[in-house]
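Novice:
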């Protein structure tokens, strides 16, 4: 920042001539000092993919579900909900700052379970958010303002790339705990517990509720139990990020198990939910932010403060996606249909994982690819090194991020053999 | 022991509390002249016919999906929205130095603009003054303060004595503002006063701003809604651009498209050249990414489809004129009735002011009387939403104002 200021002074001094002072300002821009922002790593992958003319090209960077023909998939229950909504001829009046009430209620219930003691006692508050990002942002702002006991946010190593800048911009300090074991392409349980047991009290710890992004590596229930105990002992504030409920195992209760377990064990968590993937509502920006409080009175105070945070950002949230989600969650037939569709998306992903490993074996690969099947959710940390990734791109037109992460959603029964062939070629 | 034991109960946002109180009121005579949304003569929300048509098209188009928009938003929305503000034949547009960020309503556009300015304007000095009109939409303070600006100040604007623009005060504040200060300017239909500078007055404002290197950040929430004419309502913005200014313009399509709850906004950026614009947009992307990642698709689709189709565009302009005309009619009627009642004071400002709001000049005690005794809900500032008036309630409202003015001082 100091360098920036001195550059500006030098530039101004160089441009100043008394007679032309006014004119030289008019010709200059306010934005001369604005630096070019770095290109987005994921977008860069997609841009390069678009330019590639190879008919066999594959985009495995995309973080959106694709059907077995590689096409975006609009859920049937979504189309039905939309038709229902259209027939109601609703007005377009502003939502409350906290969003659509019937959405908030259903969103909380989906995560916490219909029998949740938290919901029965009214000791939580859920506000509608701008999908997962917006939820994390509100959460980060809320903690920054009110969790004055600690500034540190602990992310798993690695975590979703956008976690860091969000928390940082909110004024928090970022730290990490061991999570992924590159040797096994699995969970470094011991490493995680070791690190977590040393985290200073009252720090914030971010946990991916299911389908860890980017690794696809989730703790097993027994491991979650131990983590919950250690985290309780350390008196840490738990921030769950749940972007894939239903999408991971195909079972919404199973995917929310960790969240519910922690709450049962007495953790008053904060929780971000996204409906981008599990309802395919990506561009409608549907999400929720929940704070589990001590009691209903506290929940009311927290709610009032969340509204104060939201108002100067976007006033109130968008209706369309929340209305669709609420309709699905609150209409028994649509809800049932949704559960089936979510399961089918998850099942297709699981099948592609299995097919990939089968085909790798068929190609003659002698590597252990078990992690491809053990990992869960949209993403797979293949274990491929940057040089291997580059070869996949240059020689086979297969696009993914440099860390070796692939979006299994981009794999189809039509291209899985080609992928296996290419991966074998660069790893044998 | 809870982490949130010390979290205090925050005060509710006044304008929403007003509506909440109105809803609970059991009086059959109640009138809501509070929150800024259009109402028909039946006092109902109005979904524009063109919006209904386009939404139906969207729902029935099975080729459309719900994929993520780009970070900066739907391209056809951004460009058509900017052209609405600047004019299709704007030199800035033709010179390709206009960019835009699709945002969540006008609030979102102000937010992204404010976050950018806090980082990149005036060397990133957070003490750079941000001037907002006295009075202004109350959330202006919230947005800029929340974005990290430490020095938000009023510039003189409303003259309570003469119930009009305090031009001398405004120009004086422009002359004395530190260079590089940011000025938030209401493009038309000033909220809450309904009082806009004339074209000649805008010219004087622009002259000082250029000479003193002040940055214009336009807030355009009522284009088309103010006079009924899109070009007329954008005159100030276009004048500034023609004078060579780089500007930000936060556009809202909440009112003029009636798309309140779909959060359709656009931050239009006019830069000196394409090279500067490119760098600015790249930084805007980074700010968007950590705020909401990418904007909601539905509302932008409706607006883009409408603006880019000549027939739908013409239909929309007609719908906008319908709304503007009803407001003008209510203004005329209210003034006429107050004059007929012989209500003390001058009431010319009711018809001279423009847009959805009117600063009646009623004092807080009179406002309280109206709310408590007459069940006529308006903001403590004396601001009324003309859209809350109908041919059915206007007599009651006029009589109530008459009572308030004559009984309460």
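Protein chains in written order, with my numbering: chain A, 506 to 933; chain B, 208 to 616. Note that beta-carbon positions come from the ideal geometry of N, C-alpha and C, so glycine has one too.
Considering just the uninterrupted stretch of the beta strand (DSSP E) at residue 917 (chain A), what are its terminal residues?
Specialist: Per DSSP, residue 917 (chain A) belongs to no beta strand (DSSP E) and is neither H nor E.
Novice: What are the residues of the region 812-827 of chain A that lie near chain B, defined by any Cβ-Cβ distance shorter than 9 Å?
Specialist: Under the 9 Å Cβ criterion, the region 812-827 of chain A contributes 812, 813, 814, 816, 817, 818, 819, 820, 821, 822, 823, 824, 825 and 826.
Novice: Is it a yes or a no for the region 579-586 of chain B touching the region 410-425 of chain B, going by three-plus beta-carbon pairs under 8 Å?
Specialist: no
Novice: Name, please, each residue of chain A whose Cβ falls closer than 7 Å to the Cβ of residue 504 (chain B).
Specialist: Neighbours of residue 504 (chain B) in chain A, taken as residues at a C-beta separation under 7 Å, are given in chain order as 788 and 789.
Novice: Is it true that the region 890-909 of chain A meets the region 220-236 of chain B, where meeting means three or more beta-carbon pairs spaced less than 8 Å apart?
Specialist: no
Novice: Should residue 928 (chain A) and residue 854 (chain A) be called a contact, given that it needs their Cβ atoms to be closer than 7 Å?
Specialist: no
Novice: Under 7 Å, Cβ to Cβ, is there at least one residue of chain A near residue 275 (chain B)?
Specialist: Yes, residue 275 (chain B) lies at the interface with chain A (some Cβ there is under 7 Å from its Cβ).
Novice: Pop quiz: residue 630 (chain A) and residue 804 (chain A) are said to be a contact at Cβ under 8 Å. What is the actual Cβ separation, rounded to whole angstroms?
Specialist: 5 Å
Novice: Cα-Cα, which of B:326, B:262 and B:577 is closest to residue 540 (chain A)?
Specialist: B:326
Novice: According to DSSP, residue 310 (chain B) sits in a beta bridge with which residue or residues?
Specialist: The secondary-structure analysis by DSSP pairs residue 310 (chain B) across a beta bridge with B:472.
Novice: Going by C-alpha to C-alpha distance, which of A:625, A:857 and A:789 sits closest to residue 272 (chain B)?
Specialist: A:789
Novice: Whose C-beta lies closer than 7 Å to the C-beta of residue 624 (chain A) among residues of the same chain, with five residues either side of it excluded?
Specialist: 613, 614 and 617
Novice: Does the Cβ of residue 233 (chain B) have 16 or more other Cβ atoms within 10 Å, making it buried, or fewer, making it exposed?
Specialist: exposed
Novice: Using DSSP bridges, identify the partner residues of residue 657 (chain A).
Specialist: A:678
Novice: Name, please, each residue of chain B whose Cβ falls closer than 7 Å to the Cβ of residue 604 (chain A).
Specialist: By Cβ distance, chain B contributes nothing, its closest Cβ being about 10 Å from residue 604 (chain A), past 7 Å.
Novice: Report yes or no: do three or more beta-carbon pairs, one from the region 439-455 of chain B and one from the region 262-279 of chain B, lie closer than 8 Å?
Specialist: Segments in contact, no.
Novice: I need the DSSP call for residue 243 (chain B), collapsed to helix, strand or coil.
Specialist: coil
Novice: Could you name the residues of the region 314-342 of chain B whose beta carbon sits closer than 7 Å to any beta carbon of chain A, in the order they occur along the chain?
Specialist: 314, 315, 318, 327, 328, 330 and 331
Novice: Under the three-state reduction of DSSP, which class applies to residue 776 (chain A): helix, strand or coil?
Specialist: strand
Novice: Tell me the DSSP secondary structure of residue 465 (chain A) in three-state form.
Specialist: Given that chain A is displayed from residue 506 to residue 933, the structure contains no residue 465 (chain A) and the question cannot be resolved.
Novice: Between the C-alpha atoms of residue 529 (chain B) and residue 543 (chain A), what's the straight-line distance to the nearest angstrom?
Specialist: 47 Å
Novice: Residue 792 (chain A) bridges to which residues according to DSSP?
Specialist: A:634 and A:779.
Novice: Go to residue 690 (chain A), then tell me how far its beta strand (DSSP E) extends in each direction, as first and last residue.
Specialist: Neither: residue 690 (chain A) is in no beta strand (DSSP E) and is coded neither H nor E.
Novice: Which residues, in order along the region 587-598 of chain A, keep a beta-carbon less than 7 Å from a beta-carbon of chain B?
Specialist: 587, 588, 591, 596, 597 and 598
Novice: According to DSSP, residue 371 (chain B) sits in a beta bridge with which residue or residues?
Specialist: B:366
Novice: Let me see if you follow: with CB-CB separation under 7 Å, is residue 457 (chain B) close to chain A or not?
Specialist: no
Novice: Under three-state DSSP, which class holds residue 880 (chain A)?
Specialist: Coil at residue 880 (chain A), not helix or strand.
Novice: Looking at C-beta atoms only, is the number of pairs between the region 554-568 of chain B and the region 396-406 of chain B that lie closer than 8 Å three or more?
Specialist: yes
Novice: Output the boundary residues of the alpha helix (DSSP H) element that contains residue 574 (chain B).
Specialist: 571-581
Novice: With DSSP run on the structure shown, which of helix, strand or coil describes residue 569 (chain A)?
Specialist: coil
Novice: Since residue 579 (chain A) meets chain B, which of its residues come closer than 7 Å, beta carbon to beta carbon?
Specialist: 272 and 273
Novice: Using a Cβ-Cβ distance under 7 Å, would residue 539 (chain A) count as near chain B?
Specialist: yes
Novice: Indicate the three-state DSSP secondary structure (helix, strand or coil) for residue 526 (chain A) in the structure shown.
Specialist: Reliability fails at residue 526 (chain A), whose pLDDT of 37 lies under 50, so the model's placement of it is uncertain and the value that follows must be treated cautiously. Here residue 526 (chain A) sits in helix by DSSP.
Novice: When the Cα atoms are used, what is the spatial distance from residue 601 (chain B) to residue 466 (chain B)?
Specialist: 26 Å
Novice: Would you identify the three-state DSSP class for residue 730 (chain A), choosing helix, strand or coil?
Specialist: helix
Novice: Alpha carbons only, please: which of B:371, B:375, B:369 and B:333 is nearest the one belonging to residue 359 (chain B)?
Specialist: B:333
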